[in-house]
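Residue numbers (full-length UniProt numbering), protein chains in the order written: chain A, 1 to 193; chain B, 1 to 193. To start, the structure under review is shown below, and the notes come after it.
2 protein chains.
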Amino acid sequence: MSNEKLTRFLQSTGLINAGQAEEIASDFIHKKFDKNSFLLQAGRISDDYLFLDSGFMRAFAYDTDGHDVTTGFYGSGQVVFEVASFFTRTPSQEYIQALTSCQGWSITHQRLNALFHARPEFREFGRSVLVRGYAALKSRMLALITESAAARYESLLRASPEILQHAPLKTVASYLGITDTSLSRIRKGAALR
Amino acid sequence: MSNEKLTRFLQSTGLINAGQAEEIASDFIHKKFDKNSFLLQAGRISDDYLFLDSGFMRAFAYDTDGHDVTTGFYGSGQVVFEVASFFTRTPSQEYIQALTSCQGWSITHQRLNALFHARPEFREFGRSVLVRGYAALKSRMLALITESAAARYESLLRASPEILQHAPLKTVASYLGITDTSLSRIRKGAALR
DNA sequence: GGCATTTCTTGCCATTTGGCAAGCGGGTCC
DNA sequence: GGACCCGCTTGCCAAATGGCAAGAAATGCC
Chain A
1 MSNEKLTRFL QSTGLINAGQ AEEIASDFIH KKFDKNSFLL QAGRISDDYL FLDSGFMRAF
61 AYDTDGHDVT TGFYGSGQVV FEVASFFTRT PSQEYIQALT SCQGWSITHQ RLNALFHARP
121 EFREFGRSVL VRGYAALKSR MLALITESAA ARYESLLRAS PEILQHAPLK TVASYLGITD
181 TSLSRIRKGA ALR
Chain B
1 MSNEKLTRFL QSTGLINAGQ AEEIASDFIH KKFDKNSFLL QAGRISDDYL FLDSGFMRAF
61 AYDTDGHDVT TGFYGSGQVV FEVASFFTRT PSQEYIQALT SCQGWSITHQ RLNALFHARP
121 EFREFGRSVL VRGYAALKSR MLALITESAA ARYESLLRAS PEILQHAPLK TVASYLGITD
181 TSLSRIRKGA ALR
């Protein structure tokens, strides 16, 4: 299978040129995930830094009452891993599960670190992945505080309509910080207005 | 002024030894901030990676309705900077302001990057700072979704009681994702129970 | 095809949180 | 002293969201 999407992704920030991208990409190995299978289970240490080539995943955790809460959605072209567990080598609190069958390119923590040491340009790229994730999380948090549930839903619809096609409503609801009942009502309201 | 707190901080993860810490710390310059002065203004590019030696700061942004929303509090022993602006060299959306008079040790983006390139151990340390911030943000988000405002307030009281001594109630409220009116009622309720 | 399970919607009502305005007490400035 | 501003509280009511349960619709399984 071609790793073309991965090499294009590596070049996308302008930090890595075509030749470097080819060499770096050759360190990633191809992986497939059946629908509903897990990339990561709570209690395990995240050891896949996975570039998602096709398919759709979600990350979730259980709160103290046993409800699962969606912490993130990932589509093709994104990097999927649990930052804290992967980099600090501690057991994950989260699960990451394939919502559809998925394919991607993975590298272990050890090999990623070796690449970071050997290749300053990839190191910069890795940092930019981290920083972008950080910024996205921050703006999601700000929206959670300042915007209504309906506004957050409509932003999500605009930004990532694919999510609604792959994830059941209640996982989308917990991602938005509301219940499935409320999201159902919001959708009805949005349709009428 | 002694940079002892900074050198101890650098050694705290075990990634950096005493001699390295001394050398790294010598690249930081001492800075003072009057109460209410700004470490960063919106529209500017964050160029201080500041280790806070003493004092208390808060970060905030204005939402679309013009309300200011507290995005973070920082006490002594913490690193204060706006991740996205600092690393991507783009204008900040946020302000960072001294709630008390503050002192700390600062390094510019350029010098920090030079240090990262020259010193693998400091690079690792820098990543661990980023990853810890990321994890903290994530757990704050989870609390925002799964816990009541009262529970979030009590967690904050337990984890960082100093905040309540330095920040007026309404900035704490916006940090918790509620209004000052609600926080006032929660405090009353908590006292009675 | 038919049964079981999951997903989504809806009604009813409770709870949480917000908006607004008034009031109070403690500072500060002149 | 008086006029002000600020931070916090409180009363009243409205709006947003949740909890629960029932039913309809869609999906999966044998």
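Beta carbons: idealized from backbone N, C-alpha and C, even for Gly.
Is the beta carbon of serine 46 (chain A) sitting closer than 7 Å to the one on phenylalanine 73 (chain A)?
-> Indexing the first sequence from 1 puts residue 46 (chain A) at position 46. Indexing the first sequence from 1 puts residue 73 (chain A) at position 73. For serine 46 (chain A) and phenylalanine 73 (chain A), no; Cβs fall outside 7 Å.
Name, in chain order, the residues that DSSP records as bridge partners for serine 106 (chain A).
-> Locating residue 106 (chain A) in the first sequence gives position 106, counting from the first residue. Serine 106 (chain A) pairs with A:Ile29, A:Leu50.
By Cβ distance, which residues of its chain are closer than 7 Å to lysine 170 (chain B), with the 5 residues on each side in sequence left out?
-> As a working note, residue 170 (chain B) is residue 170 in the second sequence. Counting only Cβ-Cβ distances below 7 Å, and skipping sequence neighbours, we find Asp180.
For glutamine 97 (chain A), count neighbouring C-beta atoms within 10 Å of its own C-beta (all shown protein chains included) and say buried if the count is 16 or more, exposed if not.
-> By 1-based counting over the first sequence, the position of residue 97 (chain A) is 97. Buried.
Name the DSSP beta bridge partners of arginine 58 (chain A), please?
-> As a working mapping, residue 58 (chain A) is identified with position 58 in the first sequence. Beta-bridge pairing links arginine 58 (chain A) to A:Phe73, A:Gln97.
Name, going along the chain, the residues of the stretch 166-177 of chain A whose beta-carbon falls closer than 9 Å to a beta-carbon of chain B.
-> Ser174, Tyr175, Leu176, Gly177
Once you ignore the five residues that flank glutamate 22 (chain A) on each side, which residues in its own chain have a CB closer than 7 Å to its CB?
-> By one-based count along the first sequence, residue 22 (chain A) stands at place 22. Closer than 7 Å at the Cβ level, and outside the excluded window around glutamate 22 (chain A), lie Thr7.
State the DSSP-derived secondary structure class of threonine 38 (chain A), mapped to helix, strand or coil.
-> As a first step, residue 38 (chain A) must be located in the first sequence, where it is residue number 38. The sequence as given places phenylalanine at residue 38 (chain A); threonine does not occur at that position. Phenylalanine 38 (chain A): strand per DSSP, three-state reduction.
Given alanine 150 (chain A) as reference, the closest of A:Leu15, A:Ala114, A:Val172, A:Asn17 once Cα atoms are compared | Taking the first sequence and counting its residues from 1, the one referred to as residue 150 (chain A) is at position 150. Here the closest residue by C-alpha is A:Val172.
Hey, is phenylalanine 9 (chain B)'s beta-carbon within less than 7 Å of any beta-carbon in chain A?
-> Position 9 of the second sequence holds residue 9 (chain B). No - not a single Cβ of chain A is within 7 Å of the one on phenylalanine 9 (chain B).
Chain B beta carbons: is any one of them nearer than 7 Å to that of leucine 40 (chain A)?
-> Sequence index remark: in the first sequence, residue 40 (chain A) carries index 40 (1-based). No, leucine 40 (chain A) lies away from the interface with chain B (no Cβ there is under 7 Å from its Cβ).
Give the secondary structure of aspartate 180 (chain B) by DSSP, where H, G and I count as helix, E and B as strand, and everything else as coil.
-> As a first step, residue 180 (chain B) must be located in the second sequence, where it is residue number 180. DSSP places aspartate 180 (chain B) in helix when its eight states are reduced to three.
Proximity test, Cβ basis, 7 Å: arginine 187 (chain A) and chain B = Locating residue 187 (chain A) in the first sequence gives position 187, where the first residue counts as 1. Cβ-Cβ to chain B under 7 Å: no for arginine 187 (chain A).
In terms of residues, what are the limits of the alpha helix (DSSP H) holding proline 120 (chain B)?
-> On the second sequence, position 120 is the one that residue 120 (chain B) refers to. First-last of the alpha helix (DSSP H) with proline 120 (chain B): 120-146.
Which first and last residues belong to the alpha helix (DSSP H) in which residue 194 (chain B) is found?
-> Because chain B in this structure spans residues 1 to 193, residue 194 (chain B) falls outside the shown range and cannot be described.
Indicate whether at least one CB of chain B lies closer than 7 Å to the CB of leucine 183 (chain A).
-> Locating residue 183 (chain A) in the first sequence gives position 183, counting from the first residue. Not closer than 7 Å to any Cβ of chain B, the Cβ of leucine 183 (chain A) fails to qualify, so no.
Please confirm if phenylalanine 28 (chain A) has its CB atom under 7 Å from at least one CB of chain B.
-> Taking the first residue of the first sequence as 1, we reach residue 28 (chain A) at position 28. Not one chain B Cβ lies under 7 Å of phenylalanine 28 (chain A).
In angstroms with no decimal places, state the Cα-to-Cα distance between threonine 13 (chain A) and glutamate 94 (chain A).
-> For this step, residue 13 (chain A) is matched to residue 13 along the first sequence. For this step, residue 94 (chain A) is matched to residue 94 along the first sequence. Straight-line Cα distance between these residues: approximately 29 Å.
What is the DSSP secondary structure of glutamine 11 (chain A), counted as helix, strand or coil?
-> For this step, residue 11 (chain A) is matched to residue 11 along the first sequence. It is helical.
Apply the 10 Å Cβ neighbour rule to glycine 126 (chain A) and answer buried if 16 or more other Cβ atoms are within range, or exposed otherwise.
-> Counting from one through the first sequence, the residue named residue 126 (chain A) turns up at place 126. Under this definition glycine 126 (chain A) is a buried residue.
What's the C-alpha gap between serine 128 (chain A) and threonine 88 (chain B)?
-> Counted from its first residue, the first sequence places residue 128 (chain A) at position 128. Counted from its first residue, the second sequence places residue 88 (chain B) at position 88. Roughly 8 Å separates the two Cα atoms.
Have a look at leucine 99 (chain A) and proline 161 (chain A) and give me their C-alpha separation to the nearest angstrom.
-> One-based indexing of the first sequence puts residue 99 (chain A) at position 99. One-based indexing of the first sequence puts residue 161 (chain A) at position 161. Looking at the two C-alpha atoms, the distance is approximately 15 Å.
Between phenylalanine 122 (chain B) and isoleucine 186 (chain B), is the Cβ-Cβ spacing less than 7 Å?
-> Taking the second sequence and counting its residues from 1, one reaches residue 122 (chain B) at position 122. Taking the second sequence and counting its residues from 1, one reaches residue 186 (chain B) at position 186. No, they are not a contact pair.
In chain A, which residues lie with their C-beta within 8 Å of the C-beta of proline 120 (chain B)?
-> Translated into the one-based positions of the second sequence, residue 120 (chain B) becomes position 120. Within 8 Å Cβ-Cβ: His117.
Might you give, ordered along the chain, the residues of its own chain that have their beta carbon closer than 7 Å to the beta carbon of arginine 111 (chain B), omitting 5 neighbours on each side?
-> Looking up residue 111 (chain B) in the second sequence gives position 111. The residues are Asp27.
Confirm, please, whether the CB-CB distance from methionine 141 (chain A) to methionine 141 (chain B) is below 7 Å.
-> Here residue 141 (chain B) refers to the residue found at position 141 of the second sequence. Here residue 141 (chain A) refers to the residue found at position 141 of the first sequence. Closer than 7 Å, so yes.
Neighbour-count burial assignment, glycine 189 (chain A), 16 or more Cβ in a 10 Å radius | Taking the first sequence and counting its residues from 1, the one referred to as residue 189 (chain A) is at position 189. Exposed, by the Cβ-count rule.
Which residues in the same chain as phenylalanine 38 (chain A) place their Cβ atom closer than 8 Å to its Cβ, once the five residues preceding and following it in sequence are excluded?
-> Translated into positions along the first sequence, residue 38 (chain A) becomes position 38. Taken in chain order, the residues that qualify are Tyr95, Ile96, Gln97, Ala98.
With 7 Å as the threshold, decide whether the Cβ of methionine 141 (chain A) is near any Cβ in chain B.
-> For the purposes of this step, residue 141 (chain A) is identified with residue 141 of the first sequence, where counting begins at 1. Judged by the 7 Å Cβ criterion, methionine 141 (chain A) is in contact with chain B.
Expressed to the nearest angstrom, what Euclidean distance is found between the alpha-carbon atoms of alanine 159 (chain A) and serine 182 (chain A)?
-> In the first sequence, the residue the question calls residue 159 (chain A) occupies position 159. In the first sequence, the residue the question calls residue 182 (chain A) occupies position 182. Cα to Cα, the separation comes out at about 20 Å.
Who does residue 224 (chain A) pair with in a DSSP beta bridge?
-> The question about residue 224 (chain A) has no answer here: the residues shown for chain A are numbered 1 through 193.
Residue of A:Gly43, A:Asn36, A:Tyr49 minimising C-alpha distance to tryptophan 105 (chain A) = Taking the first residue of the first sequence as 1, we reach residue 105 (chain A) at position 105. Minimum Cα distance to tryptophan 105 (chain A) is reached at A:Tyr49.
Where does arginine 44 (chain A) land, buried or exposed, given buried means 16+ other C-beta within 10 angstroms?
-> Sequence index remark: in the first sequence, residue 44 (chain A) carries index 44 (1-based). Exposed, because fewer than 16 other Cβ atoms sit within 10 Å of the Cβ of arginine 44 (chain A).
Closer than 6 Å by C-beta to alanine 59 (chain A): which residues in its own chain qualify, once you throw out the five before and the five after it? Chain order, please.
-> Walking along the first sequence from the start, residue 59 (chain A) turns up at place 59. If we look at alanine 59 (chain A) and ignore the five residues flanking it on each side, its Cβ neighbours are Thr71, Gly72, Glu94, Ile96.
Report yes if the C-beta distance between leucine 15 (chain B) and leucine 130 (chain A) is below 7 Å; otherwise report no.
-> Residue numbering aside, residue 15 (chain B) sits at position 15 when the second sequence is read from its first letter. Residue numbering aside, residue 130 (chain A) sits at position 130 when the first sequence is read from its first letter. In this structure, leucine 130 (chain A) does not lie closer than 7 Å to leucine 15 (chain B) by Cβ.
Taking C-alpha atoms, which residue in B:Thr146, B:Glu124, B:Val79 lies nearest to cysteine 102 (chain B)?
-> As a working note, residue 102 (chain B) is residue 102 in the second sequence. For the residues B:Thr146, B:Glu124, B:Val79, the minimum Cα distance to cysteine 102 (chain B) belongs to B:Val79.
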